[in-house]
Amino acid sequence: MNARKFSIGFSIFILILNMIFLILILEEEPIFTYRPIFQYPDLIFLFITIFLVIIPIYGVLKKEPSISDITPEAIATRRDRVRSIESAASRSSQSRPSRPTQRYIEPRSKTTSQRTKRKPQTKKKTKSKRKPSKDEIIKKIRSMKPKAGILNLEDFKCIFCFNLPQYPQDKGRGIVLCPNCKHPAHADEFRDWQRHSNLCSRCDAEIPYSFRTNPKIIPVKSYVKVIEYFKKKENL
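First residue of the sequence shown: 176, per the numbering used here; consecutive thereafter.
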């Protein structure tokens, strides 16, 4: 039974009983051989009656929440849609001729020359923030790569709206990566999903409570650069 309808019906039932008791008190009619000791209802009785009038009105006029209830049927249809997209992407990637990927190796001579050119810096009062090196940036980008047998552009789409993150259209929304499969989702849609399920919509893995309460949000602008990197690197 719907809890909202039950509470409204129960409040109306109690309100009707209170109205009956109110009439009996005003008419001074006996109740089961007992005669009321008050000629007029007291303040507590009136407050309870007014409160019971407000509850059904509030329950009827209150609008439904904007977030739709996620039923097991909706979860099943969403997963079927994800599987169909994955199968279509794998078929298209298998039909495309594979190209050998070239691995970039930074020459050692360059790094050694940079080390020799460095001069001892004098101590400063304020320490400047160290700029990350190219290797650190590439390592961080690769840690955001979605887990897939054959990487495809579909793997970078949001697992809820099935759209690629775009900038500046999605500015301010942020991107959250599943800690298990690394597939992306818009931060607002991720929070809505986690209110009803603690599993990833893509890989069905359980998401830790600490990550659900405090997810790591990546700016959309940064994640768009990650997509562009893998498009060039993997020939997507």
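Beta carbons are placed, not taken as given, at the ideal position from N, Cα and C, and that holds for glycine.
Taking all protein chains shown into account, decide if residue 241 is buried (16 or more other Cβ within 10 angstroms of its Cβ) or exposed.
Residue mapping note: residue 241 aligns to position 66 of the sequence shown, counting from 1. Confidence at residue 241 is low in this model, with a pLDDT of 49, below 50, so its placement is unreliable and no value can be given for it.
Could you check if residue 329 is buried or exposed, using at least 16 other CB atoms within 10 Å of its CB as the buried criterion?
As a first step, residue 329 must be located in the sequence shown, where it is residue number 154. It is buried - the Cβ of residue 329 has at least 16 other Cβ atoms within 10 Å.
Excluding the 5 residues flanking residue 363 on each side, which residues of the same chain have their C-beta closer than 7 Å to its C-beta?
Taking the first residue of the sequence shown as position 1, residue 363 is located at position 188. A distance below 7 Å between beta-carbons, with the five flanking residues on each side excluded, links residue 363 to the following residues of its chain, in chain order: 348.
Put residue 236 into one of helix, strand or coil per three-state DSSP.
Mapped onto the sequence shown, residue 236 falls at position 61. In the structure shown, residue 236 sits in a helix (DSSP, three-state: H, G or I).
Using the three-state DSSP reduction, which class does residue 376 fall into: helix, strand or coil?
Taking the sequence shown and counting its residues from 1, the one referred to as residue 376 is at position 201. DSSP places residue 376 in coil when its eight states are reduced to three.
Is it true that the segment 403 to 411 meets the segment 373 to 385, where meeting means three or more beta-carbon pairs spaced less than 8 Å apart?
Output reads no: the segment 373 to 385 does not touch the segment 403 to 411.
Quick one: what's residue 362 bridged to in DSSP?
Here the question's residue 362 lines up with position 187 in the sequence shown. Looking at the DSSP output, residue 362 bridges to nothing.
Can you give me the C-alpha to C-alpha distance between residue 190 and residue 202, rounded to a whole angstrom?
Numbered from 1 along the sequence shown, position 15 holds the residue referred to as residue 190. Numbered from 1 along the sequence shown, position 27 holds the residue referred to as residue 202. Distance from the CA of residue 190 to the CA of residue 202, rounded to the nearest whole angstrom, comes to 18 Å.
Leaving out five residues on either side along the sequence, give the residues of the same chain with a beta carbon under 6 Å from the beta carbon of residue 390.
For the purposes of this step, residue 390 is taken as the residue at position 215 of the sequence shown. The beta carbon of residue 390 sits closer than 6 Å to those of 351, all from its chain and outside the five residues before and after it, given in chain order.
Within 8 Å, strictly: CB atoms of residue 340 and residue 398:
Stepping through the sequence shown from its first residue, residue 340 is reached at position 165. Stepping through the sequence shown from its first residue, residue 398 is reached at position 223. Contact flag set, yes.
Using a 10 Å radius around the Cβ and a threshold of 16 neighbouring Cβ atoms, would you call residue 258 buried or exposed?
Counting from 1 along the sequence shown, the entry for residue 258 is found at position 83. Exposed.
Cβ distance (whole Å) where residue 331 is taken to contact residue 307 below 8 Å
Indexing the sequence shown from 1 puts residue 331 at position 156. Indexing the sequence shown from 1 puts residue 307 at position 132. Incorrect: roughly 23 Å between the Cβ atoms, too far for contact.
Output the distance between the C-alpha atoms of residue 179 and residue 346, rounded to the nearest integer angstrom.
If you number the sequence shown from 1, residue 179 lands on position 4. If you number the sequence shown from 1, residue 346 lands on position 171. Residue 179 and residue 346: Cα-Cα distance of roughly 37 Å.
With DSSP collapsed to three states, give me the class of residue 195.
For the purposes of this step, residue 195 is identified with residue 20 of the sequence shown, where counting begins at 1. Of the three classes helix, strand and coil, the one that applies to residue 195 here is helix, per DSSP.
Sorry if obvious, but does the Cβ on residue 357 come closer than 7 Å to a heavy atom of the ligand NAP?
As far as ligands go, the structure on display features none, and thus does not contain the ligand NAP.
Can you name, in chain order, every residue of its own chain whose Cβ lies under 8 Å from the Cβ of residue 225, other than the five neighbours on each side?
What you label residue 225 is simply residue 50 of the sequence shown in a count that begins at 1. Here the set comprises nothing.
Is the CB-CB distance between residue 361 and residue 336 below 8 Å?
Within the sequence shown, numbered from 1, the residue matching residue 361 stands at position 186. Within the sequence shown, numbered from 1, the residue matching residue 336 stands at position 161. Yes, Cβ-Cβ distance for residue 361 and residue 336 is below 8 Å.
On the CB-based measure, 16 or more other CB atoms within 10 Å of its CB, does residue 198 come out buried or exposed?
In the sequence shown, the residue the question calls residue 198 occupies position 23. By the neighbour-count definition (other C-beta atoms within 10 Å, threshold 16), residue 198 is an exposed residue.
Simplified DSSP assignment, three categories, for residue 352:
In the sequence shown, the residue the question calls residue 352 occupies position 177. Here residue 352 sits in strand by DSSP.
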